[in-house]
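Asks: If you're matching them up, the sequences are chains X and S in order.
If you count the first sequence from 1, position 30 lands on 34 in the numbering used here, and the numbers rise without skipping.
If you count the second sequence from 1, position 82 lands on 1103 in the numbering used here, and the numbers rise without skipping.
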Amino acid sequence: MLPKEMVAVAIATGAPTLRAIGTLPKFKLGDVIKTTNDNVSAHTRLPGYARDKRGTIVAYEGAHVFPDAHSIGLGERPDHLYRVRFESETLWGKGSDGPGAVYLNLWESYLKVGDLS
Amino acid sequence: MRSIADMGGMQGFGPVNRADDDTRFKEEWEAKTFAVNLLSLAAGCFNIDESRYSMERMPPVDYLNTSYFEHWLYSLEDLLTTKGVFTRQELEARIAELVAKEADNAA
């Protein structure tokens, strides 16, 4: 429950989701990852178009509330969050409208080591 | 989930209409829906991820035929009833009451 005087602040800035975590991040900047390809039935922040795709870790954002668990009453279950870069061609193939990239903030549970062919 | 809300990369909807980027409320009910949603979050009635998950489970045809704030209203009604803040019967009784009041005012 949010105190009354904090409501305006929460609306302006959003409620913080950064949490403490007892494990070290599995990936570092520059690592190549591949996203998972699971049909999950909860809410998820991994869009369909970015499933089973290769990307590069470009930033570490800290550990945050894990939306998939949080959306179905399983608690916050904080997980490491990374900013991942996907090349346009990786996502859209020949339909890509030129060079470019999409950046997604993705939780560690969505990521696998990417050098598996 | 791979719901109707997961539209990134989907084709056939035509270009994004950037001429309609005015984010101000167009109707009073939109402002009220926004306010009740934010206050329900602040009061701990539900969390933001439950809210998004609720919208994703909206019947797909309804989702496509309704506006942004109608999605908010749908999840608000869904979560406040499933969490037991009020019952579906209470919600329907209140709607009937307001409809009758409006008919009286029009007469």
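In this text, a Cβ means the ideal position worked out from N, Cα and C, and glycines have one as well.
Note that the structure is predicted; figures quoted are calculated from it, not measured.
Cβ atoms of X:Ala67 and X:His84: under 8 Å apart, would you say?
Replies: Your numbering for residue 84 of chain X matches position 80 in the first sequence. Your numbering for residue 67 of chain X matches position 63 in the first sequence. A contact, by the Cβ cut-off of 8 Å.
Asks: So which residues of chain X does S:Arg1073 contact, with C-beta pairs closer than 8 Å?
Replies: As a first step, residue 1073 of chain S is located in the second sequence; it is residue number 52 there, counting from the start. Those within 8 Å of S:Arg1073 in chain X are His47, Pro71, Ser75.
Asks: Answer with yes or no whether the minimum CB distance from X:Pro51 to chain S is below 8 Å.
Replies: Position 47 of the first sequence, counted from the start, is the residue given in the question as residue 51 of chain X. Judged by the 8 Å Cβ criterion, X:Pro51 is in contact with chain S.
Asks: DSSP on S:Glu1048, reduced to helix/strand/coil?
Replies: Along the second sequence, read from residue 1 onward, the residue named residue 1048 of chain S stands at position 27. Coil.
Asks: Within the 8 Å Cβ cut-off, does S:Glu1077 reach chain X?
Replies: By 1-based counting over the second sequence, the position of residue 1077 of chain S is 56. With 8 Å as the cut-off, S:Glu1077 counts as an interface residue toward chain X.
Asks: With 16 as the cutoff for other CB atoms within 10 Å, does S:Met1079 come out buried or exposed?
Replies: In the second sequence, the residue the question calls residue 1079 of chain S occupies position 58. When all chains shown are included, S:Met1079 counts as buried.
Asks: Please look up how many angstroms separate the CB atoms of X:Tyr53 and X:Leu95, rounded, as I've assumed it's under 8 Å.
Replies: The count along the first sequence starts at 1 and reaches residue 53 of chain X at position 49. The count along the first sequence starts at 1 and reaches residue 95 of chain X at position 91. So it is a contact: roughly 6 Å between Cβ atoms.
Asks: Using DSSP with H/G/I as helix, E/B as strand and the rest coil, what is S:Phe1090?
Replies: Position 69 of the second sequence, counted from the start, is the residue given in the question as residue 1090 of chain S. S:Phe1090: helix per DSSP, three-state reduction.
Asks: Can you tell me whether S:Thr1087 is buried or exposed? The criterion is at least 16 other CB atoms within 10 Å of its CB, across all chains shown.
Replies: Indexing the second sequence from 1 puts residue 1087 of chain S at position 66. Per the 10 Å Cβ criterion, exposed.
Asks: Helix, strand or coil: which one does DSSP assign to X:Thr60?
Replies: Position 56 of the first sequence, counted from the first residue, corresponds to residue 60 of chain X. Reduced to three states, the DSSP call for X:Thr60 is strand.
Asks: The beta strand (DSSP E) with S:Glu1123 in it runs from where to where?
Replies: Sequence index remark: in the second sequence, residue 1123 of chain S carries index 102 (1-based). Unbroken run through S:Glu1123 is the alpha helix (DSSP H), 1109-1127; no beta strand (DSSP E).
Asks: Check whether the segment 98-118 of chain X touches the segment 1097-1110 of chain S, counting contact only when three or more Cβ pairs, one atom from each stretch, lie closer than 8 Å.
Replies: Taking 8 Å as the limit for Cβ pairs, the verdict is that the segment 1097-1110 of chain S does not touch the segment 98-118 of chain X.
Asks: Who are the near neighbours of X:Pro51 in its chain, counting only those whose CB is closer than 8 Å to its CB and skipping five residues on each side?
Replies: To locate residue 51 of chain X, count along the first sequence from 1; it is residue 47. So the list reads Leu108, once near-sequence residues are dropped.
Asks: Pull up the DSSP beta-bridge partners for X:Tyr107, would you.
Replies: Here residue 107 of chain X refers to the residue found at position 103 of the first sequence. In DSSP, X:Tyr107 forms a bridge with X:Arg89.
Asks: Within this structure, are the beta carbons of S:Leu1100 and S:Glu1077 separated by less than 8 Å?
Replies: Walking along the second sequence from the start, residue 1100 of chain S turns up at place 79. Walking along the second sequence from the start, residue 1077 of chain S turns up at place 56. Against a cut-off of 8 Å, the Cβ pair of S:Glu1077 and S:Leu1100 comes out as no contact.
Asks: For the segment 1074-1107 of chain S, list every residue whose C-beta sits within 7 Å of some C-beta in chain X, in sequence order.
Replies: Within the segment 1074-1107 of chain S, the residues whose Cβ lies closer than 7 Å to some Cβ of chain X are Tyr1074, Glu1077, listed in chain order.
Asks: Starting from X:Ala14, find everything on chain S with Cβ-Cβ shorter than 9 Å and list it in chain order.
Replies: As a working note, residue 14 of chain X is residue 10 in the first sequence. Under the 9 Å cutoff, chain S gives Leu1059, Leu1062, Ala1063.
Asks: 8 Å is my cut-off, CB to CB: does S:Gly1033 come that close to chain X?
Replies: In the second sequence, residue 1033 of chain S corresponds to position 12, counting from 1. Closer than 8 Å: no.
Asks: Can a CB atom of chain X be found closer than 8 Å to the CB of S:Asn1126?
Replies: Locating residue 1126 of chain S in the second sequence gives position 105, counting from the first residue. No, its Cβ sits nowhere closer than 8 Å to a Cβ of chain X.
Asks: Taking a cut of 7 Å between CB atoms, which residues from the segment 1022-1055 of chain S lie near chain X?
Replies: Per Cβ criterion, the list reads Met1022, Arg1023, Asp1027, Gly1029, Gly1030.
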